[in-house]
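Notes follow the structure.
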Amino acid sequence: MDGIVLMIDEHKNIKRMLVVIRKACLDIIKEKEADYKDFEMMIDFVRNYADKHHHGKEEKFLFNRMIDEIGGPAEKLVKYGMLVEHDFGRLYMSELEEALSKAKAGDEEAKLDIIANAIGYTNLLNRHIDKEDNVVYTFAKRELSKETLDEVNAECDEFEKETNRAGVQDKYIKMLEALEEKYK
(Lines of atoms letter the chains of each structure in order from A and count residues from 1; the text may use other names and numbers.)
(Lines give C-alpha, C1' and ligand atoms only; values in the text may rest on other atoms or scores of the structure.)
Protein backbone atom coordinates (compact mmCIF):
# COMPACT_ATOMS: atom_id res chain seq x y z
CA MET A 1 0.00 0.00 0.00
CA ASP A 2 1.23 3.49 -0.85
CA GLY A 3 0.21 5.55 2.19
CA ILE A 4 0.49 8.86 0.40
CA VAL A 5 -1.67 7.69 -2.52
CA LEU A 6 -4.21 6.50 0.06
CA MET A 7 -4.21 9.94 1.73
CA ILE A 8 -4.75 11.62 -1.63
CA ASP A 9 -7.70 9.29 -2.27
CA GLU A 10 -9.14 10.16 1.14
CA HIS A 11 -8.86 13.82 0.21
CA LYS A 12 -11.25 13.14 -2.66
CA ASN A 13 -13.87 11.88 -0.20
CA ILE A 14 -13.29 14.83 2.11
CA LYS A 15 -13.69 17.27 -0.79
CA ARG A 16 -16.97 15.57 -1.68
CA MET A 17 -18.18 16.27 1.86
CA LEU A 18 -17.08 19.89 1.54
CA VAL A 19 -19.43 20.22 -1.44
CA VAL A 20 -22.27 18.77 0.65
CA ILE A 21 -21.56 21.18 3.52
CA ARG A 22 -21.66 24.17 1.17
CA LYS A 23 -24.96 23.01 -0.34
CA ALA A 24 -26.49 22.56 3.12
CA CYS A 25 -25.46 26.13 3.94
CA LEU A 26 -26.96 27.38 0.69
CA ASP A 27 -30.26 25.79 1.71
CA ILE A 28 -30.23 27.89 4.88
CA ILE A 29 -29.62 31.03 2.81
CA LYS A 30 -32.52 30.04 0.57
CA GLU A 31 -34.62 30.10 3.74
CA LYS A 32 -35.08 26.36 3.90
CA GLU A 33 -35.13 24.92 7.39
CA ALA A 34 -31.67 23.83 8.49
CA ASP A 35 -31.52 20.07 8.91
CA TYR A 36 -29.66 19.83 12.21
CA LYS A 37 -29.37 16.06 11.99
CA ASP A 38 -27.56 16.40 8.66
CA PHE A 39 -25.17 18.96 10.11
CA GLU A 40 -24.51 16.60 13.01
CA MET A 41 -23.65 13.85 10.50
CA MET A 42 -21.34 16.26 8.68
CA ILE A 43 -19.56 17.04 11.96
CA ASP A 44 -19.32 13.31 12.69
CA PHE A 45 -17.77 12.73 9.24
CA VAL A 46 -15.30 15.58 9.68
CA ARG A 47 -14.27 14.57 13.18
CA ASN A 48 -14.03 10.84 12.62
CA TYR A 49 -13.17 10.38 8.95
CA ALA A 50 -11.37 13.59 7.96
CA ASP A 51 -9.71 14.27 11.29
CA LYS A 52 -9.32 11.09 13.33
CA HIS A 53 -8.94 8.67 10.42
CA HIS A 54 -7.18 10.78 7.79
CA HIS A 55 -5.35 13.46 9.79
CA GLY A 56 -4.49 10.76 12.30
CA LYS A 57 -2.41 8.98 9.67
CA GLU A 58 -0.71 12.19 8.62
CA GLU A 59 0.10 13.20 12.17
CA LYS A 60 1.15 9.75 13.48
CA PHE A 61 2.91 8.28 10.48
CA LEU A 62 4.05 10.96 8.02
CA PHE A 63 4.50 14.42 9.49
CA ASN A 64 6.65 13.38 12.44
CA ARG A 65 8.99 11.51 10.11
CA MET A 66 9.24 14.50 7.81
CA ILE A 67 10.31 16.67 10.73
CA ASP A 68 12.78 14.09 12.06
CA GLU A 69 14.36 13.15 8.74
CA ILE A 70 14.17 16.33 6.66
CA GLY A 71 14.44 18.91 9.42
CA GLY A 72 14.08 22.69 8.98
CA PRO A 73 11.92 23.17 5.90
CA ALA A 74 9.69 20.21 6.80
CA GLU A 75 9.36 21.42 10.38
CA LYS A 76 8.17 24.84 9.21
CA LEU A 77 5.80 23.34 6.66
CA VAL A 78 4.33 20.80 9.06
CA LYS A 79 4.38 22.51 12.48
CA TYR A 80 3.53 26.03 11.36
CA GLY A 81 1.37 25.12 8.41
CA MET A 82 -0.37 21.78 8.25
CA LEU A 83 -0.78 21.15 11.99
CA VAL A 84 -2.01 24.70 12.61
CA GLU A 85 -4.59 24.21 9.87
CA HIS A 86 -5.67 20.89 11.40
CA ASP A 87 -6.26 22.76 14.66
CA PHE A 88 -8.21 25.53 12.89
CA GLY A 89 -10.41 22.85 11.32
CA ARG A 90 -11.11 21.39 14.76
CA LEU A 91 -12.00 24.85 16.04
CA TYR A 92 -14.44 25.40 13.16
CA MET A 93 -16.16 22.11 14.00
CA SER A 94 -16.38 22.97 17.68
CA GLU A 95 -17.86 26.38 16.86
CA LEU A 96 -20.25 24.81 14.34
CA GLU A 97 -21.45 22.35 16.96
CA GLU A 98 -22.05 25.20 19.42
CA ALA A 99 -23.95 27.20 16.78
CA LEU A 100 -26.15 24.17 16.01
CA SER A 101 -26.97 23.80 19.67
CA LYS A 102 -27.97 27.46 19.93
CA ALA A 103 -30.03 27.32 16.74
CA LYS A 104 -31.86 24.20 17.92
CA ALA A 105 -32.69 26.08 21.12
CA GLY A 106 -34.37 28.81 19.05
CA ASP A 107 -31.56 31.33 18.54
CA GLU A 108 -32.21 32.47 14.93
CA GLU A 109 -28.98 34.47 14.81
CA ALA A 110 -26.99 31.29 15.46
CA LYS A 111 -27.79 30.27 11.87
CA LEU A 112 -25.24 32.89 10.83
CA ASP A 113 -22.65 31.09 12.93
CA ILE A 114 -23.63 27.76 11.39
CA ILE A 115 -22.97 29.16 7.93
CA ALA A 116 -19.84 31.09 8.95
CA ASN A 117 -18.16 28.13 10.60
CA ALA A 118 -19.22 25.58 7.99
CA ILE A 119 -18.08 27.75 5.08
CA GLY A 120 -14.91 28.76 6.92
CA TYR A 121 -14.13 25.08 7.33
CA THR A 122 -14.79 24.25 3.67
CA ASN A 123 -12.59 27.12 2.49
CA LEU A 124 -9.79 26.15 4.88
CA LEU A 125 -9.91 22.46 3.94
CA ASN A 126 -10.04 23.04 0.19
CA ARG A 127 -6.86 25.14 0.37
CA HIS A 128 -5.28 22.74 2.89
CA ILE A 129 -5.90 19.70 0.71
CA ASP A 130 -4.45 21.44 -2.34
CA LYS A 131 -1.28 22.24 -0.37
CA GLU A 132 -0.94 18.69 0.88
CA ASP A 133 -1.59 17.07 -2.49
CA ASN A 134 0.64 19.43 -4.48
CA VAL A 135 3.37 20.42 -2.01
CA VAL A 136 3.58 18.43 1.21
CA TYR A 137 3.17 14.92 -0.18
CA THR A 138 5.40 15.64 -3.19
CA PHE A 139 8.06 17.01 -0.84
CA ALA A 140 7.76 13.95 1.40
CA LYS A 141 8.06 11.50 -1.51
CA ARG A 142 11.07 13.37 -2.86
CA GLU A 143 12.95 13.93 0.42
CA LEU A 144 12.16 10.95 2.65
CA SER A 145 14.29 7.83 2.30
CA LYS A 146 12.81 4.73 0.71
CA GLU A 147 13.03 2.98 4.09
CA THR A 148 11.04 5.74 5.78
CA LEU A 149 8.40 5.73 3.06
CA ASP A 150 8.20 1.93 3.40
CA GLU A 151 7.57 2.38 7.15
CA VAL A 152 4.85 4.96 6.47
CA ASN A 153 3.27 2.58 3.95
CA ALA A 154 3.36 -0.37 6.37
CA GLU A 155 1.85 1.66 9.22
CA CYS A 156 -0.88 3.06 6.96
CA ASP A 157 -1.63 -0.46 5.74
CA GLU A 158 -1.98 -1.81 9.29
CA PHE A 159 -4.07 1.19 10.36
CA GLU A 160 -6.38 0.71 7.37
CA LYS A 161 -6.83 -2.97 8.14
CA GLU A 162 -7.76 -2.20 11.77
CA THR A 163 -10.21 0.57 10.88
CA ASN A 164 -11.66 -1.51 8.05
CA ARG A 165 -12.38 -4.35 10.50
CA ALA A 166 -14.14 -1.76 12.69
CA GLY A 167 -16.18 -0.62 9.67
CA VAL A 168 -14.94 2.98 9.75
CA GLN A 169 -14.43 3.47 6.02
CA ASP A 170 -17.75 1.84 5.06
CA LYS A 171 -19.71 3.82 7.64
CA TYR A 172 -18.41 7.20 6.51
CA ILE A 173 -18.50 6.54 2.77
CA LYS A 174 -22.14 5.42 3.10
CA MET A 175 -22.89 8.53 5.16
CA LEU A 176 -21.22 10.68 2.50
CA GLU A 177 -23.19 9.03 -0.30
CA ALA A 178 -26.50 9.49 1.54
CA LEU A 179 -25.80 13.18 2.14
CA GLU A 180 -24.67 13.65 -1.47
CA GLU A 181 -27.94 12.14 -2.63
CA LYS A 182 -29.90 14.58 -0.47
CA TYR A 183 -27.84 17.66 -1.37
CA LYS A 184 -27.54 17.23 -5.16
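Mapping to numbering that gives the first Met the number 0: the sequence shown position 181 is 180, numbers consecutive. Cβ atoms here follow ideal geometry from the backbone N, Cα and C, with glycine treated the same way.
DSSP state of residue i mapped onto helix, strand, coil
i, result
"residue 41", "helix"
"residue 144", "coil"
"residue 14", "helix"
"residue 165", "coil"
"residue 0", "coil"
"residue 48", "helix"
"residue 67", "helix"
"residue 79", "helix"
"residue 130", "helix"
"residue 160", "helix"
Sequence-distant residues of the same chain with beta carbon closer than 7 Å to residue i, five excluded per side
i, result
"residue 60", "2, 151, 154, 155"
"residue 84", "123, 127"
"residue 17", "121, 124, 125"
Nearest to residue i (by Cα), restricted to the options the options
i, options, result
"residue 94", "142, 107, 129, 42", "42"
"residue 19", "160, 37, 170", "37"
"residue 138", "64, 165, 179, 158", "64"
"residue 162", "55, 62, 108", "55"
"residue 110", "17, 0, 32", "32"
"residue 169", "4, 44, 133", "44"
"residue 130", "80, 140, 96", "80"
"residue 179", "133, 8, 23", "23"
Rounded distance between the beta-carbons of residue j and residue i, thought under 8 Å
i, j, result
"residue 101", "residue 35", "At roughly 11 Å, the Cβ-Cβ gap does not stay under 8 Å, so residue 101 and residue 35 are not in contact."
"residue 118", "residue 21", "7 Å"
"residue 6", "residue 136", "7 Å"
"residue 39", "residue 82", "Their Cβ separation, rounded to whole angstroms, is 26 Å, which puts residue 39 and residue 82 out of contact at 8 Å."
"residue 0", "residue 108", "Actually they are not in contact, since the Cβ atoms of residue 0 and residue 108 sit about 47 Å apart, beyond 8 Å."
Cutoff 6 Å; reference residue i; Cβ partners in own chain excluding five residues on either side
i, result
"residue 57", "none"
"residue 77", "62, 65, 66"
"residue 148", "none"
Same chain, Cβ closer than 8 Å to residue i, five either side skipped, listed in chain order
i, result
"residue 128", "10, 13, 14"
"residue 143", "64, 65, 68, 69, 151"
Inset, instruction - Take every Cβ of the segment 76 to 95, pair it with every Cβ of the segment 42 to 51, and state whether three or more of those distances are shorter than 8 Å. - result: By the Cβ test, the segment 76 to 95 is in contact with the segment 42 to 51, since at least three Cβ pairs between them sit closer than 8 Å.
Inset, instruction - Examine the Cβ distances between the segment 119 to 138 and the segment 7 to 20 and report whether three or more of them are shorter than 8 Å. - result: Enough Cβ pairs lie closer than 8 Å, so yes.
Inset, instruction - Take every Cβ of the segment 20 to 27, pair it with every Cβ of the segment 102 to 114, and state whether three or more of those distances are shorter than 8 Å. - result: Using a C-beta cut-off of 8 Å, the segment 20 to 27 makes contact with the segment 102 to 114, since at least three inter-stretch Cβ pairs fall below that distance.
Legend entry - Touching by the beta-carbon criterion (3+ pairs, under 8 Å), the segment 170 to 177 and the segment 61 to 69: The segment 170 to 177 makes no contact with the segment 61 to 69: fewer than 3 CB pairs, one atom from each, lie closer than 8 Å.
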